[in-house]
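Chemist: One structure, pasted below without further comment.
Number of protein chains: 4
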Amino acid sequence: MFFASDNAGPVHPEVLTALSRANEGYAMPYGADDAMMRVRAQVREIFEAPDAMVHLVSTGTAANSLALACMCQPYETVFCSAVAHIHEDECSAPEFYSGGAKLTIVPCAVDKMTPDDLRASIAAEGTRGVHGPQRGAVSITQVCEKGSVHSLEELKALIAVAQEFDLPVHLDGARFANAVATLGCSAAEMSCKLGVDAVSFGGTKNGLMGVEAVIFFDPQKTWEFELRRKRGAHLFSKTRYLAAQMEAYLTDGLWLSSAQRANSNMARLSNGLRKIDGVSFLAEPDANMVFAMMPRAVHKRLHEGGAVYYLMQGELEGDDPSEPLLCRLVCDWSISDAQIDQFIGLATG
Amino acid sequence: MFFASDNAGPVHPEVLTALSRANEGYAMPYGADDAMMRVRAQVREIFEAPDAMVHLVSTGTAANSLALACMCQPYETVFCSAVAHIHEDECSAPEFYSGGAKLTIVPCAVDKMTPDDLRASIAAEGTRGVHGPQRGAVSITQVCEKGSVHSLEELKALIAVAQEFDLPVHLDGARFANAVATLGCSAAEMSCKLGVDAVSFGGTKNGLMGVEAVIFFDPQKTWEFELRRKRGAHLFSKTRYLAAQMEAYLTDGLWLSSAQRANSNMARLSNGLRKIDGVSFLAEPDANMVFAMMPRAVHKRLHEGGAVYYLMQGELEGDDPSEPLLCRLVCDWSISDAQIDQFIGLATG
Amino acid sequence: MFFASDNAGPVHPEVLTALSRANEGYAMPYGADDAMMRVRAQVREIFEAPDAMVHLVSTGTAANSLALACMCQPYETVFCSAVAHIHEDECSAPEFYSGGAKLTIVPCAVDKMTPDDLRASIAAEGTRGVHGPQRGAVSITQVCEKGSVHSLEELKALIAVAQEFDLPVHLDGARFANAVATLGCSAAEMSCKLGVDAVSFGGTKNGLMGVEAVIFFDPQKTWEFELRRKRGAHLFSKTRYLAAQMEAYLTDGLWLSSAQRANSNMARLSNGLRKIDGVSFLAEPDANMVFAMMPRAVHKRLHEGGAVYYLMQGELEGDDPSEPLLCRLVCDWSISDAQIDQFIGLATG
Amino acid sequence: MFFASDNAGPVHPEVLTALSRANEGYAMPYGADDAMMRVRAQVREIFEAPDAMVHLVSTGTAANSLALACMCQPYETVFCSAVAHIHEDECSAPEFYSGGAKLTIVPCAVDKMTPDDLRASIAAEGTRGVHGPQRGAVSITQVCEKGSVHSLEELKALIAVAQEFDLPVHLDGARFANAVATLGCSAAEMSCKLGVDAVSFGGTKNGLMGVEAVIFFDPQKTWEFELRRKRGAHLFSKTRYLAAQMEAYLTDGLWLSSAQRANSNMARLSNGLRKIDGVSFLAEPDANMVFAMMPRAVHKRLHEGGAVYYLMQGELEGDDPSEPLLCRLVCDWSISDAQIDQFIGLATG
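What follows is the structure in structure tokens.
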């Protein structure tokens with residue numbers, strides 16, 4: 067019963083098979099292999115963007131930081147939510163890669179910025195002339211950090227604010243596939259068709275070993291990205307092994323079916339937990355993640371039963387069995403119904 | 067006949083098997099997996115260094131840049147040879163990771179610095195007080211960039227110079243295994259026992275998909291390294307797949323046997339080429355790489371016969387069939403005798 | 067009637083005289099001049115800190131950024147108030163000088179952090195292991211950005227919080243002298259005796275042309291500071307002209323008498339304004355600066371009468387004469403009683 | 067007898083007078099003062115460049131580093147001579163300000179690059195695709211670091227090489243005025259008319275307290291420069307005191323007459339020294355600086371007579387009175403004929 071993270075489960079078998087297949091003979095290094103050409107074509111088709119440029123890296127932090135470094139100057143600031151991964155969980159990699167740009171933190175009730183708060187934050191920056199940082203890019207996370215998924219209308223409204231100020235938009239899509247699965251839209255409808263300029267398109271949390279694609283819909287940034295990637299030491303020599311994973315991911319909709327599976331795992335889990343007294347959710351689990359308040363007694367039963375997940379607030383040990391403690395639960399594609407039901411059973415008591 | 071690079075060949079089958087084996091069930095992310103614990107123990111044993119700290123990254127440039135960033139300050143300078151990979155082939159990643167430190171280029175006849183030249187370069191820096199960069203670390207490459215291998219005595223002499231000035235020593239060992247195979251020494255004898263402080267211990271060029279270990283013999287730098295790695299976006303979530311590769315590599319001496327195989331492939335190749343009129347080598351091919359001058363006619367026959375390798379100087383097309391053109395030839399563990407003999411056959415004409 | 071800033075007035079005549087006197091003959095450059103030696107002795111005496119190291123720079127932003135760069139690592143974060151100059155008004159110079167460290171913004175009601183808010187902010191950082199930035203330094207501004215002055219007790223409480231977490235404390239004292247004048251304490255009592263580690267000791271806003279001192283009470287950081295200052299291009303060749311200004315400033319208490327004069331100018335001004343209907347202050351003008359809400363009609367009269375100051379919020383033109391508009395008013399040492407009375411007269415109408 | 071540096075002498079009296087004059091009343095800070103407007107007009111007239119943008123900073127290192135940061139990207143490299151001030155004497159400030167760009171060192175016999183060496187260096191970079199740094203800007207020093215002055219033809223030839231590769235050209239003119247005085251040309255003829263894109267126009271070494279102008283002939287870089295200057299903490303609040311100095315410098319040709327005076331002082335000095343047995347010059351002292359080999363006995367007499375200058379190589383104490391020791395001698399505008407003659411007298415013995 068492993069609900070700690072979607073990066074703790076196994077790699078999808080199709081991906082392992084693809085790696086074996088890729089291991090035939092010799093291939094030109096540094097992205098000049100055939101698989102990379104095929105991946106580029108796949109991305110362009112899936113995103114309905116014939117000019118899109120695609121670059122592979124091995125971590126989500128690399129995808130975000132390198133994309134943003136190409137989208138803002140050191141003397142600019144990136145607008146993101148108070149709980150954005152780029153702000154909280156990347157040890158200031160965006161600041162490092164951008165040469166010292168700032169992140170301006172937009173308040174958020176749970177995990178979504180409102181257009182008004184975003185507008186107010188942007189408006190407040192760039193009013194002090196040369197003394198303050200200049201307005202740079204806007205970064206939006208989808209799936210959000212606490213498990214919500216922006217509707218297309220919500221994304222549109224945020225992007226419209228960025229466009230009011232003529233700022234480029236980055237989408238941190240570490241769980242891009244899960245959001246598409248939730249919304250039932252196409253990849254294009256959730257990105258370029260809305261005006262997104264660059265996407266961090268996650269694979270690692272959805273069955274790959276460690277591959278993320280950075281997609282720029284405007285190909286002009288390509289060479290700069292390549293240089294920054296190399297300079298950031300993120301250019302693999304044996305790129306064929308990254309490309310093979312991404313190719314498998316994009317073939318026959320594996321990216322989407324895996325995400326659908328993860329989301330429906332979460333639906334099964336949250337529906338079970340919802341019925342338990344004293345359980346509440348920080349946000350509706352729109353995709354494959356939930357932040358749940360559960361009584362200490364529930365946590366104790368789960369813990370003793372062998373369930374693995376992160377407690378985000380509070381201590382497992384304590385006097386009051388009904389005290390609510392916050393935890394994070396994440397399902398990946400590999401979690402079985404049996405595991406989920408066992409978890410719910412333990413939680414129910 | 068692929069002699070372009072040791073990062074163009076397939077991954078060793080043992081490594082693929084290890085990846086499949088690692089793909090069972092769930093594992094804690096970010097380096098807290100069991101395989102990583104085992105790798106640490108293996109490295110400590112092989113390097114006879116019970117306190118050594120080991121960190122895995124996915125590219126050689128990351129290994130070098132992160133190690134050096136922990137070994138020098140932004141206002142210092144790193145001493146390296148004029149053909150060092152960190153100077154020529156990393157798009158200034160060391161400068162980026164160190165926050166803008168300089169590299170001071172020590173002249174070299176072919177690919178080895180002499181102790182006297184190193185001493186003169188170090189002496190010349192640090193004489194201008196606050197106006198010049200301060201003396202930082204010394205970085206030595208082994209196997210050298212043109213195919214030479216330093217003897218233990220040569221390494222010792224260079225390290226002694228660093229120690230005269232109390233500077234830490236980094237060893238860029240992208241082909242560490244090949245050098246050990248050449249010298250017939252132990253890993254410890256070529257590193258910590260000589261006074262090396264940190265090693266970039268390569269795996270990618272020797273049968274892994276993309277894994278290098280950074281080894282600090284003084285564990286004090288560990289936490290700083292971890293922070294810089296995360297901040298550089300080089301912390302994998304699914305570290306078990308890096309660890310599994312490295313574990314396989316260090317098991318039953320695979321690292322060494324693969325390197326021996328690559329070296330003996332090069333010996334077979336160079337012995338064949340050596341007999342051809344007009345062929346000469348920039349340096350003795352001590353390990354698995356040679357820079358060879360060969361007449362244009364030889365290149366033409368190879369090219370037409372389907373051999374793949376990089377021409378480093380001169381154009382394949384040209385009037386004079388005897389004009390010598392410089393090329394680089396590299397053997398990895400996977401090259402077969404038949405391929406080598408076919409190559410020699412074509413070259414011989 | 068110039069109340070826009072304390073950096074808009076003339077330099078104190080004593081300072082010009084000192085510059086002329088300094089212009090005799092030849093002096094060793096780069097801080098090796100005699101005046102610099104005397105300044106060091108003066109600072110040590112005034113701060114009762116015989117080991118203190120003193121470095122001169124020409125801007126407050128340089129003082130803050132260089133001091134902080136010596137006090138925190140690129141992977142750390144600096145805690146400061148939401149209105150701190152280092153956050154809002156230095157175009158991310160601290161991020162630049164530190165190599166990309168973050169600033170963690172502590173909320174503040176007006177311009178003072180509370181110890182509880184500071185503690186909560188520090189506690190919240192450093193809980194995500196390698197994923198978040200590490201806890202770095204605490205930076206406190208005195209005089210605060212909206213005109214308040216921390217009492218010694220308030221400073222002590224903030225510093226105690228920093229010490230709970232073993233973090234070094236930086237004091238942004240662009241208006242250090244004005245705060246000392248307000249509190250009637252000694253320079254030492256407001257800094258090293260409280261546990262402050264480094265002070266940006268301002269001179270420019272208090273009658274110098276452009277000189278600030280960075281004072282480290284622990285001399286260990288001296289050489290690093292010198293290197294970072296040079297590398298930041300802030301080492302003057304003709305340092306004697308900086309030193310001469312600072313020497314004059316520290317002689318016969320000019321620094322303090324100028325600040326007292328500026329503060330009493332503000333007292334006269336604020337006492338006059340306070341009596342006007344519809345005038346209120348964002349914070350008590352403890353030193354030489356006030357943020358005042360005044361009805362539009364008042365602003366219009368002042369504007370037409372030739373008063374110069376910054377409107378911080380709202381537009382001078384508008385329908386409602388009673389609408390309150392926020393402005394900033396600052397007095398330096400040079401403002402005359404007549405100017406102040408003329409201003410009050412206009413405002414009173 | 068102070069020949070150590072042209073930044074050790076007094077400020078020109080006209081400059082002190084200008085500072086006093088500038089000290090009247092109130093002035094808008096941060097470059098919005100009237101004197102700055104006048105300086106801009108003066109520069110445009112003197113450089114015959116009606117669109118040129120002018121920014122003042124207080125050190126030559128700031129001028130060079132900020133100019134170059136606007137002219138090259140972090141993943142590019144700046145070409146300069148092996149003895150360039152930006153390489154040897156700025157503690158890597160250009161690397162810092164550019165975000166980690168490299169300097170590619172072009173060999174030079176004494177202190178001038180040849181067009182062929184520059185071309186070879188540029189050609190060699192940018193041939194390794196994404197692996198090496200990209201070609202950035204070319205930086206030329208005039209007056210050169212060992213005292214030579216490039217002829218207009220020499221400058222033209224170097225600039226032509228930069229233009230072959232479409233690279234922008236920076237001129238480090240810390241002693242710009244001295245070079246113009248030597249060549250007898252106009253400021254425009256030695257800069258924009260030759261194709262120079264940006265000039266560091268020195269004032270500090272020629273009678274100012276600490277003011278240098280950065281001049282961009284293409285005004286497009288202006289806003290970026292302003293942001294980088296602020297972020298580098300080089301924006302003075304009381305800019306009027308920088309502007310006043312520069313205004314005095316550019317009024318009635320003070321910049322040129324001071325340089326002519328310094329050059330003729332050097333001519334008097336070098337003509338005297340030239341006659342002494344055993345004295346030789348590293349390069350012809352074209353402007354106001356000479357690197358001279360002089361026998362130890364000569365140095366001893368000078369030292370005992372109270373002459374102050376830097377010994378660049380060798381030790382004053384030693385057995386052999388005829389051993390030649392290298393020193394640097396610099397004249398500024400303030401050195402009197404009597405001092406020079408006294409120096410020559412001592413040297414002659």
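Quick note, the sequences are listed as chains A, B, C and D, same order.
The first sequence begins at 67 in our numbering and counts up one residue at a time.
The second sequence begins at 67 in our numbering and counts up one residue at a time.
The third sequence begins at 67 in our numbering and counts up one residue at a time.
The fourth sequence begins at 67 in our numbering and counts up one residue at a time.
Note that the Cβ used here is the ideal one computed from N, Cα and C, for glycine as well.
I'd like to know whether the C-beta of B:Val-280 is nearer than 9 Å to at least one C-beta of chain A.
Modeler: no
Chemist: Here's a check: name, in chain order, each residue in its chain whose Cβ is nearer than 8 Å to the Cβ of D:Gln-326, leaving out the five neighbours to either side.
Modeler: Ala-247
Chemist: If we count Cβ pairs, one from each stretch, closer than 8 Å, do we get three or more for the region 267 to 278 of chain A versus the region 78 to 93 of chain A?
Modeler: yes
Chemist: Mind reading off the beta-carbon distance from C:Gly-91 to C:Ser-266? Whole number of angstroms is fine, and I expect it under 8 Å.
Modeler: Contact flag wrong, Cβ pair sits at about 32 Å.
Chemist: Round the Cβ separation of D:Arg-362 and D:Asp-343 to the nearest angstrom and send it over; I've been treating them as touching at under 8 Å.
Modeler: The C-beta separation of D:Arg-362 from D:Asp-343 comes to about 13 Å, leaving the pair out of contact by the 8 Å criterion.
Chemist: What is the rounded straight-line gap between the Cα of A:Pro-390 and the Cα of A:Thr-414?
Modeler: C-alpha separation (whole angstroms): 15 Å.
Chemist: Would you kindly work out how many angstroms separate the C-alpha atoms of A:Ala-264 and A:Glu-292, rounded to a whole number?
Modeler: Between A:Ala-264 and A:Glu-292, the C-alpha separation is close to 15 Å.
Chemist: On the CB-based measure, 16 or more other CB atoms within 10 Å of its CB, does A:Lys-341 come out buried or exposed?
Modeler: exposed
Chemist: Mind pulling the chain B residues with CB within less than 7 Å of C:Val-296?
Modeler: The identity of residue 296 of chain C in the sequence shown is Lys, whereas the question assumes Val. Going along chain B in sequence order, the residues near C:Lys-296 (Cβ under 7 Å) are Val-196 and His-197.
Chemist: Could you name the residues that DSSP lists as bridge partners for B:His-236?
Modeler: B:Ser-205 and B:Ala-264
Chemist: Does the separation of the CB atoms of A:Ala-150 and A:Ser-205 fall below 9 Å?
Modeler: yes
Chemist: In this structure, does DSSP put D:Ile-401 in helix, strand or coil?
Modeler: D:Ile-401: coil per DSSP, three-state reduction.
Chemist: Please classify A:Lys-212: does DSSP put it in a helix, a strand, or coil?
Modeler: coil
Chemist: Helix or strand or just coil, what does DSSP make of D:Leu-85?
Modeler: Looking at D:Leu-85 - three-state DSSP - the assignment turns out to be helix.
Chemist: Under a CB-based cut-off of 9 Å, is D:Ser-71 close to chain C?
Modeler: yes
Chemist: Within the same chain, show all residues whose beta-carbon is closer than 6 Å to that of B:Trp-399, passing over the 5 residues directly before and after it, in chain order.
Modeler: Gly-273, Ser-324, Arg-327 and Ala-328
Chemist: Nearest CA to the CA of D:Glu-191: which residue from D:Glu-154, D:Leu-233 and D:Thr-207?
Modeler: The shortest Cα separation from D:Glu-191 among D:Glu-154, D:Leu-233 and D:Thr-207 belongs to D:Leu-233.
Chemist: Assuming C:Cys-397 and C:Met-332 are in contact, meaning their beta carbons sit under 8 Å apart, how far apart are those beta carbons, in whole angstroms?
Modeler: 5 Å
Chemist: D:Gln-200 touches chain A at which residues, Cβ-Cβ below 8 Å?
Modeler: Leu-293
Chemist: Is C:Phe-347 helix, strand or coil by DSSP?
Modeler: strand
Chemist: Is A:Gln-408 near A:Gly-380, with beta carbons less than 9 Å apart?
Modeler: no
Chemist: Work out the CA separation of A:Lys-287 and A:Ala-133 for me, nearest whole Å.
Modeler: 9 Å
Chemist: Between the region 99 to 113 of chain C and the region 86 to 103 of chain D, do three or more beta carbon pairs fall short of 8 Å?
Modeler: Contact fails: fewer than three Cβ-Cβ distances are below 8 Å.
Chemist: Does DSSP classify D:Val-396 as helix, strand or coil?
Modeler: strand
Chemist: Which term fits A:Thr-305, buried or exposed, when burial requires 16 or more other beta carbons within 10 angstroms of its beta carbon?
Modeler: buried
Chemist: Can you find a C-beta in chain A that's less than 9 Å from the C-beta of B:His-300?
Modeler: yes
Chemist: On the CB-based measure, 16 or more other CB atoms within 10 Å of its CB, does C:Asp-177 come out buried or exposed?
Modeler: The residue in question, C:Asp-177, is buried, as its Cβ has 16 or more Cβ neighbours within 10 Å.
Chemist: With a threshold of 9 Å between beta carbons, is D:Gly-268 in contact with chain A?
Modeler: no
Chemist: What residues in the region 133 to 146 of chain A have a beta carbon less than 7 Å from any beta carbon of chain G?
Modeler: Structure shown: chain G not included; protein chains present are A, B, C and D.
Chemist: Going by C-alpha distance, which of A:Cys-258, A:Ile-225 and A:Ala-98 is nearest A:Pro-181?
Modeler: A:Ile-225
Chemist: What does a CB cutoff of less than 6 Å around B:Leu-412 pick up in its chain, not counting 5 residues either side in sequence?
Modeler: Arg-367, Leu-368 and Gly-371
Chemist: Do you know how far the Cα of B:Glu-156 is from the Cα of A:Ala-70?
Modeler: 37 Å
Chemist: Is the distance from the Cβ of C:Leu-335 to the Cβ of C:Val-356 below 9 Å?
Modeler: yes
Chemist: If you follow the beta strand (DSSP E) that A:His-369 is part of, which residue opens it and which one closes it?
Modeler: Boundaries around A:His-369 are those of the alpha helix (DSSP H), 362 to 370, since no beta strand (DSSP E) includes it.
Chemist: Assuming D:Ala-353 and D:Met-67 make a contact with CB atoms under 8 Å, what is their CB distance in whole Å?
Modeler: About 20 Å separates the two Cβ atoms, so there is no contact after all.
Chemist: Provide the residue span of the beta strand (DSSP E) that contains C:Glu-278, from first to last.
Modeler: 278 to 282
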